[in-house]
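To start, the structure itself, in C-alpha cells.
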Amino acid sequence: MEQESGQSSCLYQINPGFHFQPTALEVIVHYLQTKILKLPYYTGLINEHVDLYRNVTPDQLKGSAIIHRDEFMYFFTQVTRKYLNGKKYSRIVVDDQGNSLGYWKASQKGTEIKGVNGVPIGVETHLVYYNIKKRKTSWLMVEYKLVDNPYDKTNTEWTICKIYEGGRTNHEGDADTW
Numbered sequence: 430m431e432q433e434s435g436q437s438s439c440l441y442q443i444n445p446g447f448h449f450q451p452t453a454l455e456v457i458v459h460y461l462q463t464k465i466l467k468l469p470y471y472t473g474l475i476n477e478h479v480d481l482y483r484n485v486t487p488d489q490l491k492g493s494a495i496i497h498r499d500e501f502m503y504f505f506t507q508v509t510r511k512y513l514n515g516k517k518y519s520r521i522v523v524d525d526q527g528n529s530l531g532y533w534k535a536s537q538k539g540t541e542i543k544g545v546n547g548v549p550i551g552v553e554t555h556l557v558y559y560n561i562k563k564r565k566t567s568w569l570m571v572e573y574k575l576v577d578n579p580y581d582k583t584n585t586e587w588t589i590c591k592i593y594e595g596g597r598t599n600h601e602g603d604a605d606t607w
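Numbering of the sequence shown is given in our numbering, commencing with residue 430 and proceeding in unit increments.
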C-alpha cells in the first residue's frame, strides 16, 4: 500500500469513525495467532512489543500508548512461566535491578475462547494490578493467549493484553496509593 506523507504506517487503511473493539475470538485469530505465525496483520492498532513486566507500571503506559475507545490499551507482550515445565506465569513488574514495582494477579480462572468449530483455541484471563505496597489498584487487564501454543517451545509466550483503568479498590480515597 502506498503511503502519502502524514499517513500512519498501518498495513491497512482505516476509515474515519472506526472504533477498535475486537471480540476475544478476533483478538486471538486476527492478531495473536497471525503475529505468532509471522503473517501480516492490521498494524497500528495494538502497541507492539511492550514488556509489561519490566520497568513500567500501568500509570506510565498512558503517556506513549495507543489508546482506543473506552480508554482501552492493547499490547503485544511476552509472559514468562514461573517454572520451566510449569503452567503458572510470573506477572511481577520489576525494575532493572530486579526490585518489584507491583504485580498483576488473576481475579478469576481463565475462560476458554472457542473457534468457529467449537474447539478451544485461546484463553482469556482477567487480572488486577497491585502496587508496591500490595494494595489493589483500579487498573485491570484482560490477557489473551493461545490454549497450547505449538509454535513456541520456550519458557515465554506471546500474549495480547488489554489494559484499562476502571476497577474499584478496597482503599479508595487513600492518599498514599501509588
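The beta carbon of each residue, even a glycine, is placed where N, CA and C say it ideally should be.
Predicted model only: the values in this text are computed from it and were never measured.
{"Asked": "CB contact flag (V557, S529, <8 Å)", "Found": "no"}
{"Asked": "Residues that DSSP places opposite L569 in a beta bridge", "Found": "V557, Y593"}
{"Asked": "Through-space distance from N546 to L490, alpha-carbon basis", "Found": "36 Å"}
{"Asked": "Per-residue burial, Y460 [other beta carbons within 10 Å of its own, 16 or more giving buried]", "Found": "buried"}
{"Asked": "Beta-carbon gap between L382 and I495 smaller than 8 Å", "Found": "The chain is shown only over 430 to 607; residue 382 falls outside these bounds and no answer can be derived."}
{"Asked": "DSSP beta-bridge partners of S519", "Found": "T509"}
{"Asked": "CB contact flag (A453, G551, <8 Å)", "Found": "yes"}
{"Asked": "Closest Cα partner of I542 within the set Y503, V576, H555", "Found": "V576"}
{"Asked": "Beta-carbon proximity of I521 to Y512, cut-off 8 Å", "Found": "no"}
{"Asked": "Which listed residue (Y573, D524, D499, V548) has its alpha carbon closest to that of K538", "Found": "Y573"}
{"Asked": "Cβ neighbours of K517 in the same chain (closer than 8 Å, five flanking residues each side left out)", "Found": "R510, K511"}
{"Asked": "Same chain only: Cβ atoms within 6 Å of W568, ignoring 5 sequence neighbours per side", "Found": "P487, Y558, E594"}
{"Asked": "Nearest to S493 (by Cα), restricted to the options V508, E477, D499, C590", "Found": "E477"}
{"Asked": "Reference G544, options I457, C590, Q450, P451, closest by Cα", "Found": "I457"}
{"Asked": "Sequence-distant residues of the same chain with beta carbon closer than 8 Å to L502, five excluded per side", "Found": "Looking at the sequence itself, residue 502 is Met, so the reference to Leu does not match. Within the same chain, M502 has close Cβ partners N476, L490, K491, A494, I495, I496, K591, I592, Y593."}
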